[in-house]
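Heads up: the sequence shown is residues 639 to 1049, going by the working numbering.
Glycine is no exception: its CB is placed at the ideal position from the N, C-alpha and C atoms.
Predicted model, so just to flag it, every value in this text is computed and none were measured.
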Amino acid sequence: MNLRDLWVKKVADIAEESKLIPMWGKVPSFPWDDFTKNLKETLSLDDLEITPHGTDWVPYEDLLKGLGDHPVVTSLTMAPLSPSFFFALPKEDVGTLSSLFLDQSGKWSFQDPDYQKGFYKYCFLSVLQAFDELSTYTDLSVKLNNLSMPNEKAYSVTVSIHANGKKLNGKLLFPESFHKVISTHFANKPLSLDNIEGSISVPLSIQTGHVDLKVEELKSLKPGDFVILDHCSYRPNDKKGLYQLCLENTPLFAVQGKNGVTNILDYALVEHSSNEEDFMMEDHPEDEEVPEEENHEGEDNAPEGEEEHVPNEEDFEDSFEDEEEDEDEIKNNEISHVIATKEIPLSIKIEIGRIKMPLKKLLSLKPGNTLELGIGAPEFVSLTIDNQVIGKGELIELGDMIGVKISEISH
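Right, dumping it as structure tokens:
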């Protein structure tokens, strides 16, 4: 796996873990443009446009509203998956659609309803062929079946069909049972970023350094304080240096800003490790095993010749005192845990800006590309923890030290 593949995998992992992909999870978005192109070729139609809109979860009793009396509902399945989804079209539009597919002028039509029904089914087989020619769902194939709609809510997608000057509106209906099965099917597959919708944008930050502070150190900060950074890739006096373009605090690219133009220099795949886990493990060792001879409940361990002791009131009083001592010990352990947690340093990132970028555009970036992010010489920066801004300040260079003079801070 080359560096580019590693970088794309990193973006995929971040997008998945951060839940940046919307409702349908890992299910690839349907390529409507490619599907329409295939269908035009299959049906020899010059003028055809298919547009989805009006998506929403709809209760069962409202699924066919707006489609007139006795709409034609076609049942489909994505083999080898078993649940069905459905396409519903007003009865009068079935004749219109059939006549358009029969003759592009729309002047010819079937007088016999059975012939019209049969031709509509033929048209649907052409639709399935256009679907199977797509490379999006290579392990699934759409088939016709004769199942009825289950009595449950469904995800409804209104589909507008424009053909030769005529407009038809149908509905794709995906029952909740279908949604669960299709989501589970794709949940076991690696996230594919190739088919993600262009409308999905991700938040990116431009960072130039960081500092680790303990909780008490952070709480003591006030406006006017100067915080020396552990690392800073930009030198304010020379107005030279590098930044990192980050997704969810993970560096993706090393970039350089000049005259409002940002140049992508290289991939940034280095991760900073934390000793937090080791610290916690040392303070909280796993429970030691109880020696076997001390862990036999109910055994008679009284020495031979001694009478069995009958519990009395004093024993119960001693028992309550022991429980109080145990509770005090637990509380002391909890306090120790809180104190230990306060000793763990917090990583504070130094940001010079934030942007939103379409995920598809982000995936197309590579070293050598330029971006107009408006990054010049950063005068003021933001201090962030886990993408939350906690303060603002100014980058200042004093000799070999670079730090931030705090202007605002939130505790």
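Where DSSP assigns a beta bridge to residue i, which residues make up the other side?
i	result
F725	T712, L810
F1018	E1032
E1046	K1030
L984	L851
R642	DSSP, once it has assigned bridges, lists no residue as partnering R642.
F796	Position check: residue 796 holds Thr in this sequence, whereas Phe was assumed. Its beta-bridge partners are H691, K809.
I1023	Q1026
P996	S839
L686	A801
L782	L714
Q845	Q882, E989
V819	In the DSSP output, where bridge partners are listed per residue, V819 has none listed.
G1041	I866, I1034
G696	Note that residue 696 is Val in the sequence shown, not Gly. Answer is A792, bridged to V696.
L1009	T900
Which value, in whole angstroms, describes the spacing of the CA atoms of residue i and residue j?
i	j	result
K999	D671	19 angstroms
E1046	W645	36 angstroms
E1017	H1049	23 angstroms
R873	S839	31 angstroms
S843	P1005	18 angstroms
I902	P983	31 angstroms
K703	K1030	54 angstroms
C761	T822	31 angstroms
V819	K675	29 angstroms
E790	H691	22 angstroms
K877	T689	50 angstroms
S779	G879	53 angstroms
I1040	T900	23 angstroms
Q1026	A650	23 angstroms
E771	L867	56 angstroms
T680	Y758	15 angstroms
E981	F725	60 angstroms
H708	R642	54 angstroms
A717	T774	15 angstroms
M602	H800	The structure shown does not extend to residue 602, since the chain spans only 639 to 1049, so no value can be given for it.
L859	W695	49 angstroms
K729	K648	50 angstroms
S794	L763	22 angstroms
L782	E687	23 angstroms
Q894	L1001	19 angstroms
Y698	T776	31 angstroms
F673	P666	14 angstroms
T693	G756	30 angstroms
T712	N784	8 angstroms
D1038	L1003	34 angstroms
T796	L719	23 angstroms
N640	E1032	39 angstroms
By Cβ distance below 8 angstroms, which residues in the same chain neighbour residue i in space, the five residues on each side in sequence not counted?
i	result
D904	F891, A892, P1005
D850	D868, P983, L984, S985, I986
K852	K980, E981, I982, P983, L984
I1034	F864, P874, I1040, G1041, V1042, K1043
T735	It is worth fixing the name first, because residue 735 is Leu in this sequence and not Thr. For L735, where only same-chain residues beyond five positions count, the Cβ hits under 8 angstroms are L727, Y758, C761, I799, A801, L806.
T1008	V899, T900, N901, I902
V1019	T846, I988, E989, I990, K1030, G1031, E1032, L1033, V1042
Below 8 angstroms on the Cβ atoms is my guess for residue i versus residue j; work out the distance and round it to an integer in Å.
i	j	result
C884	I988	Not confirmed; about 11 angstroms, so no contact.
V710	V732	5 angstroms
A792	L701	6 angstroms
I1023	I986	6 angstroms
E886	I652	5 angstroms
K809	L705	7 angstroms
L1021	I1028	5 angstroms
Give a yes or no on whether the minimum CB-CB distance between residue i and chain D is below 8 angstroms.
i	result
I902	Among the chains of the structure shown, chain D does not appear; only one protein chain is present.
Leaving out the 5 sequence neighbours to the left and right, which residues in its chain are closer than 6 angstroms to residue i when beta-carbon positions are compared?
i	result
F723	L714, F812, F816
S798	T689, N807
P889	Q882, A906
D863	I1044
E814	E790, K791
G847	L867, H869, C870, I988
L677	A768
P721	S815, F816, V819
Which same chain residues end up closer than 7 angstroms to residue i when comparing Cβ atoms and leaving out the 5 residues on each side of it in sequence?
i	result
M919	Low local confidence applies: a pLDDT of 30 at M919 is under 50, so the model's placement there is unreliable, and no value is given.
P841	R992, K994
Q845	Y881, Q882, C884, K987, I988, E989
L856	L984
P861	I1044, S1045, E1046, I1047
Taking only runs that begin and end inside the region 847 to 908, name each unbroken beta strand (DSSP E) of 3 or more residues, in chain order.
864 to 866, 881 to 885, 888 to 896, 899 to 905
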